[in-house]
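Here is the structure we will look at.
There are 2 protein chains.
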Amino acid sequence: MHPFDQALSLEPVSPGVFRGHSSPAYWNMVGPFGGSTAATLLKAVLSHPDCLGEPVSLTVNYAGALGDGAFEVRLEAARTNRSTQHWTAAIWQCEADGQWRINTTATVLTAVRRETWSQSDVPVPQVPPPQDVTRFELFDSVAWIKQYETRPIVGALPPVWDGSLRSSLMQLWMRDAQPRAIDHLALAAMSDVFYPRIWLRRALRVPAGTVSMTVYFHADAPTLAATGSGFVLGQAQTQAFHNNFFDQTAQLWNEAGQILTTSHQIVYYKE
Amino acid sequence: MHPFDQALSLEPVSPGVFRGHSSPAYWNMVGPFGGSTAATLLKAVLSHPDCLGEPVSLTVNYAGALGDGAFEVRLEAARTNRSTQHWTAAIWQCEADGQWRINTTATVLTAVRRETWSQSDVPVPQVPPPQDVTRFELFDSVAWIKQYETRPIVGALPPVWDGSLRSSLMQLWMRDAQPRAIDHLALAAMSDVFYPRIWLRRALRVPAGTVSMTVYFHADAPTLAATGSGFVLGQAQTQAFHNNFFDQTAQLWNEAGQILTTSHQIVYYKE
Numbered sequence: 000m001h002p003f004d005q006a007l008s009l010e011p012v013s014p015g016v017f018r019g020h021s022s023p024a025y026w027n028m029v030g031p032f033g034g035s036t037a038a039t040l041l042k043a044v045l046s047h048p049d050c051l052g053e054p055v056s057l058t059v060n061y062a063g064a065l066g067d068g069a070f071e072v073r074l075e076a077a078r079t080n081r082s083t084q085h086w087t088a089a090i091w092q093c094e095a096d097g098q099w100r101i102n103t104t105a106t107v108l109t110a111v112r113r114e115t116w117s118q119s120d121v122p123v124p125q126v127p128p129p130q131d132v133t134r135f136e137l138f139d140s141v142a143w144i145k146q147y148e149t150r151p152i153v154g155a156l157p158p159v160w161d162g163s164l165r166s167s168l169m170q171l172w173m174r175d176a177q178p179r180a181i182d183h184l185a186l187a188a189m190s191d192v193f194y195p196r197i198w199l200r201r202a203l204r205v206p207a208g209t210v211s212m213t214v215y216f217h218a219d220a221p222t223l224a225a226t227g228s229g230f231v232l233g234q235a236q237t238q239a240f241h242n243n244f245f246d247q248t249a250q251l252w253n254e255a256g257q258i259l260t261t262s263h264q265i266v267y268y269k270e
Numbered sequence: 000m001h002p003f004d005q006a007l008s009l010e011p012v013s014p015g016v017f018r019g020h021s022s023p024a025y026w027n028m029v030g031p032f033g034g035s036t037a038a039t040l041l042k043a044v045l046s047h048p049d050c051l052g053e054p055v056s057l058t059v060n061y062a063g064a065l066g067d068g069a070f071e072v073r074l075e076a077a078r079t080n081r082s083t084q085h086w087t088a089a090i091w092q093c094e095a096d097g098q099w100r101i102n103t104t105a106t107v108l109t110a111v112r113r114e115t116w117s118q119s120d121v122p123v124p125q126v127p128p129p130q131d132v133t134r135f136e137l138f139d140s141v142a143w144i145k146q147y148e149t150r151p152i153v154g155a156l157p158p159v160w161d162g163s164l165r166s167s168l169m170q171l172w173m174r175d176a177q178p179r180a181i182d183h184l185a186l187a188a189m190s191d192v193f194y195p196r197i198w199l200r201r202a203l204r205v206p207a208g209t210v211s212m213t214v215y216f217h218a219d220a221p222t223l224a225a226t227g228s229g230f231v232l233g234q235a236q237t238q239a240f241h242n243n244f245f246d247q248t249a250q251l252w253n254e255a256g257q258i259l260t261t262s263h264q265i266v267y268y269k270e
């Protein structure tokens, strides 16, 4: 089984409740990689027998630390329409004091799509093809980064942590280190692959962590089929840093230049 | 009482439950203006006695039609940390068949902010000052638009509905028609003031409606004080239209050029 699918393993407990387990392979500094947590919540929705259609929107709120060990995803369809469905979900975990608490909340919109006039309006960044970009692991200190093959084009890391200012823009090619066909779960995780923009913008490794992320999926089944297990081009930058919180706006494309997701997150930082 | 505050009136029913009533003054075509619904949910959170700090992030999912009449906002703090708090909320309404159902869900992040290094990286659009831009009501057929004084600079409306293609970019100055000091509630509502981008992009009035909106607040109390009841500069455009759903990314600034919010929505469209 692929490490990503292993990390996302969920066992049905009762209607609307799944049991999962945090994955050492996707461990970050003090908890799991936020991208795999987002994917886990989305997987619970897509695994629910009542789920209608494909994911269109996913919002994940990282409310508290998801600890090592078992957890439960509890979810329900808040409303089901003819072609759209709205889900609310949360991750519950039994904490050190024996109390069950929520550490992550999510809302998901799924829909049955029909073919319409379609158009992507964000220019695809003009970058060299993945095979012409050197593979480079951004950080060797965390487990999850080794699950991805990353080939940064712009904004890999500041050359020195000297507090000098530069653009927050990052562009990179990425794919699973062990090949896996891209699905919506992979796109949810890849939307969170960018390290904190403030580290790049200021060349300072200040404490920072995502508190909320929203992913809009523009890729549907035919786009995913065209994407396969190829490289994904990611781009991320910040619009505003203000008193403890900055945003990040990001896009993912496949090698053919089709847009897969647009996503946004708000990130806590300390100075 | 200002019409906006009247529309957002909430009566506490029990801990975590407020009763509200849809407002004719903010009525849209088949329900209330989505911006006032977003503001109502945010107001419920900010009115809760346990609420910690100021709003940082708000996601609203328009799951079903909010009908004319009374409704309940039910909310709870999913997790409270030292300086951040995560809320889940929903609007419940008794429908024609006598059943109570959810028509809107939301998550809200509030936080106590501290002063840090801050920087806005989106260029403020170079536009003429509000007094040099003609006041123009985008649509006279809906009530809520009359609650705002709008002065469109770019992308007001296509000159004719002839299916010709153009940019989805809109820029406008706006403020409450009846003066009111800008607060987070006003910013939540103003983030939804832009009409469906596809109408502009294609010069076609196809059926369209927001299904999920996320607002990141960069304005804290000092920024709001500097904003007062002045004009707000809004900018919105779409990144991708694909098979029934397009996104919108938007920014709001005050007259001094300080960034107030960055927001995103995903919008259903047909054809």
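Taken in sequence, the protein lines are chains A and B.
Those letters in the first sequence? Residues 0 to 270, per numbering that gives the first Met the number 0, in order.
Those letters in the second sequence? Residues 0 to 270, per numbering that gives the first Met the number 0, in order.
Even glycine gets a Cβ: it sits at the ideal position worked out from N, Cα and C.
Note that the C-beta distance between E114/A and N242/B is below 9 Å. Counting only runs of at least 3 residues, the region 6–31 of chain A fully encloses the following beta strand (DSSP E) elements, listed from N- to C-terminal order: 10–13 and 16–20.
Here W172/A is buried, its C-beta having at least 16 other C-beta atoms within 10 Å. Taking 7 Å as the upper bound on Cβ-Cβ separation, chain B lies near residues A77, R78, N80, T83, H85, T87 and A89 of the region 66–99 of chain A. Proximity of chain B to D161/A at the Cβ level (cut-off 9 Å) is not reached, the minimal Cβ distance being about 15 Å. According to DSSP, residue pairing for S82/A in a beta bridge does not occur. Residue-level contact by beta carbon fails for F193/A and chain B, as no gap is shorter than 9 Å.
Take the alpha-carbon of M0/B and the one of S35/B: they are about 16 Å apart.
About 5 Å separates the CB atoms of P31/A and S21/A; that is less than 8 Å, so the two are in contact. Counting of Cβ neighbours within 10 angstroms places V12/B among the exposed residues, the total staying below 16. Interface flag for L108/B against chain A is set, since a Cβ pair is found closer than 9 Å.
The beta carbons of P54/B and T109/B sit about 5 Å from each other, so the pair counts as a contact at 8 Å. By the Cβ neighbour-count rule, L57/A is buried, with 16 or more other Cβ atoms within 10 Å of its own. Excluding residues up to 5 positions away in sequence, L9, P11 and F17 lie with their Cβ nearer than 8 Å to the Cβ of S46/B in the same chain.
Setting aside the 5 residues that flank it on each side, D4/A is surrounded in the same chain by R179, each with a C-beta closer than 8 Å to its C-beta; the list follows chain order. For K269/B, the nearest CB of chain A lies under 9 Å from its own CB, placing it at the interface with that chain. The alpha-carbon of T226/A is positioned some 26 Å away from that of I197/B. Taking CB atoms only, V153/B has no neighbour in chain A less than 9 Å away.
Identification of chain A residues near S167/B by a Cβ-Cβ cut-off of 8 Å yields D120, ordered along the chain. Between A142/A and A24/A a beta carbon distance of about 6 Å is seen, short of the 8 Å cut, so the two are scored as contacting. DSSP, read as helix, strand or coil, puts V59/B in strand. Taking 7 Å as the upper bound on Cβ-Cβ separation, chain B lies near residues V210, S211, T213, Y215, H217 and D219 of the region 206–224 of chain A.
Exposed is the label assigned to E94/A, since fewer than 16 other Cβ atoms lie within 10 Å of its Cβ.
Q236, T237, Q238, A239, F240, H241, N242, N243, F244, D246, T248 and Q250: these are the residues of the region 231–251 of chain A whose beta carbon lies less than 8 Å from some beta carbon of chain B, given in chain order. Under the three-state reduction of DSSP output, A105/A falls in the strand class. Residue contact check for V55/B against chain A: a CB pair falls below 9 Å.
Distances from the alpha-carbon of V205/B to those of V192/B, R81/B, R134/B and D161/B put D161/B closest. The alpha carbon of W26/A has as its nearest neighbour, out of A88/A, C50/A, R81/A and L65/A, the alpha carbon of L65/A.
When the five nearest sequence neighbours on each side are left out, the beta carbons in the same chain lying within less than 6 Å of the beta carbon of H217/A are those of I258, in order along the chain. In the displayed model, G233/B falls within a strand according to three-state DSSP. Contacts with chain A at 9 Å (Cβ-Cβ) do not include S8/B.
Scanning chain A for C-beta atoms nearer than 7 Å to the C-beta of H263/B yields T213 and H263, reported in chain order.
With 16 or more other CB atoms across the displayed protein chains lying within 10 angstroms of its CB, D182/B is buried.
Note on E71/B: 16 or more other CB atoms within 10 angstroms of its CB, so buried under the neighbour-count rule. Cβ contact annotation for R100/B (same chain, cutoff 6 Å, sequence separation greater than five): E94, in chain order. Of the residues A69/B, C50/B and D96/B, the one whose Cα lies closest to the Cα of Q84/B is C50/B.
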